[in-house]
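Per full-length UniProt numbering, the very first residue in the sequence shown carries number 1; after that it's consecutive. Note that CB positions come from ideal geometry on N, CA and C, so glycine has one too. Keep in mind it's a predicted model, so treat the numbers as computed, not measured.
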Amino acid sequence: MDNIVLDVSDVHKSFGGLKALNNINLQVEEGKIHAIIGPNGAGKSTLLNTIIGRLVPDTGSVIFNGRSITGMQPHEINQAGVVRVFQTPEIFPDLTLLQNVMIPAFASKEGPVKFNFFRSLFGEKDVREQAEEVMLDLGLHDQMNRPASDLSRGDKRRLEMAMSLVQNPKLLLLDEPTAGMSRADTNRTIEILQRIKARGKTKVIIEHDMHVVFSLADHISVLAQGAIICSGPPHEVKGNPVVQEAYLGG
Ligand code: ADP
Ligand code: MG
Numbered sequence: 001m002d003n004i005v006l007d008v009s010d011v012h013k014s015f016g017g018l019k020a021l022n023n024i025n026l027q028v029e030e031g032k033i034h035a036i037i038g039p040n041g042a043g044k045s046t047l048l049n050t051i052i053g054r055l056v057p058d059t060g061s062v063i064f065n066g067r068s069i070t071g072m073q074p075h076e077i078n079q080a081g082v083v084r085v086f087q088t089p090e091i092f093p094d095l096t097l098l099q100n101v102m103i104p105a106f107a108s109k110e111g112p113v114k115f116n117f118f119r120s121l122f123g124e125k126d127v128r129e130q131a132e133e134v135m136l137d138l139g140l141h142d143q144m145n146r147p148a149s150d151l152s153r154g155d156k157r158r159l160e161m162a163m164s165l166v167q168n169p170k171l172l173l174l175d176e177p178t179a180g181m182s183r184a185d186t187n188r189t190i191e192i193l194q195r196i197k198a199r200g201k202t203k204v205i206i207e208h209d210m211h212v213v214f215s216l217a218d219h220i221s222v223l224a225q226g227a228i229i230c231s232g233p234p235h236e237v238k239g240n241p242v243v244q245e246a247y248l249g250g
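Spelled out as structure tokens, the structure:
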């Protein structure tokens, strides 16, 4: 298949004597939402960190858009179009929402544009418009001139999402995007992800909440003790007896 955006092959990662990832093989198709589920300690975050370059696999490879990113620095992988939404919001509390969203928009651009960073942060149209568009999309537009520290917890998570989306990622990775959210905020997040999915952006979501997983995923991989025990479309995974036993609670 040539529409594979992310291809993880034979990846192993140990921490001392602990095999956190044991021969992971995973292909993510363009435009799809691929969910990774599994119990605590299964290796989900470790897998994500090997994709974004925070960890280097002991063996195996990670191919993104046909190019090996194995062993590349996190900022190089980010520059290539892989963006992660963090579990804990990493925002600038004293800056306005608009400024918060404009910073990653600039950072994701290459070359001399960065030299104009400060002038442009408060002036340039192009990046500003991009930032405003994303905020409108996420329902943050009417708060864009407020300092980020004013935001509610749910809105902070949405600001983080805006800061990721403005980089126009080819591959967006979300580690438990709805963890700790109210049901209302969770549903709002599902709705946002469904909308951005419609634009053909590829996403990998790590999620505990089965409502979120089954509302969004095109493909689910189940991780247990560092290995993928089942991978397929949601209806197959749901019906798999091994998954039922290991994860969904029988
Ligand atoms: P999950 O995200 O599925 O809950 P993790 O990937 O965080 O699981 O962890 C997988 C296993 O690897 C766990 O047993 C965890 O304790 C261990 N682990 C994760 N990161 C490290 C690390 N930096 N050093 C040592 N052990 C780690
Ligand atoms: Mg984790």
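Terminal residues of the alpha helix (DSSP H) in which residue i lies
i	result
R84	First-last for R84: 82-85, but that is the beta strand (DSSP E), not the alpha helix (DSSP H).
D155	153-165
V237	234-239
K44	44-52
L193	183-197
S215	210-216
Q79	74-79
Residue i versus residue j - alpha carbon distance
i	j	result
L98	K201	23 Å
K238	Q244	7 Å
F106	A80	15 Å
S215	H208	13 Å
T96	L140	11 Å
A162	K197	14 Å
H34	D142	32 Å
Q77	I91	The sequence shown places Ile at residue 77, rather than the Gln named in the question. For I77 and I91, the distance between alpha carbons rounds to 21 Å.
L18	A217	30 Å
I51	T70	8 Å
Q225	K44	10 Å
K32	I192	15 Å
Exposure of residue i, with buried meaning 16 or more beta-carbon neighbours within 10 Å
i	result
R153	exposed
N40	exposed
N3	exposed
V82	buried
P57	buried
G157	The sequence as given places Arg at residue 157; Gly does not occur at that position. Buried, because 16 or more other Cβ atoms sit within 10 Å of the Cβ of R157.
H75	exposed
P233	exposed
G38	buried
Cutoff 7 Å; reference residue i; Cβ partners in own chain excluding five residues on either side
i	result
Q73	G53
C230	V222, V237, N240, V242, V243
Endpoints, beta strand (DSSP E) assigned at residue i
i	result
A107	That residue, A107, is in no beta strand (DSSP E); its alpha helix (DSSP H) goes 97-107.
F64	59-64
A224	219-224
E29	18-29
L171	171-175
D142	D142 -> no beta strand (DSSP E), and no H or E assigned at all.
Residues near residue i in its chain [Cβ-Cβ closer than 8 Å; skip 5 each side]
i	result
V134	V101, A162, L165, V166
D10	N23, I24, N25, T59, G60, S61
CB contact flag (residue i, residue j, <8 Å)
i	j	result
R84	L173	yes
L6	L171	yes
D94	S149	yes
E176	I206	yes
Own chain residues within Cβ distance below 6 Å of residue i, not counting five before or after
i	result
T178	T186, T189, D209, V212
I63	D7
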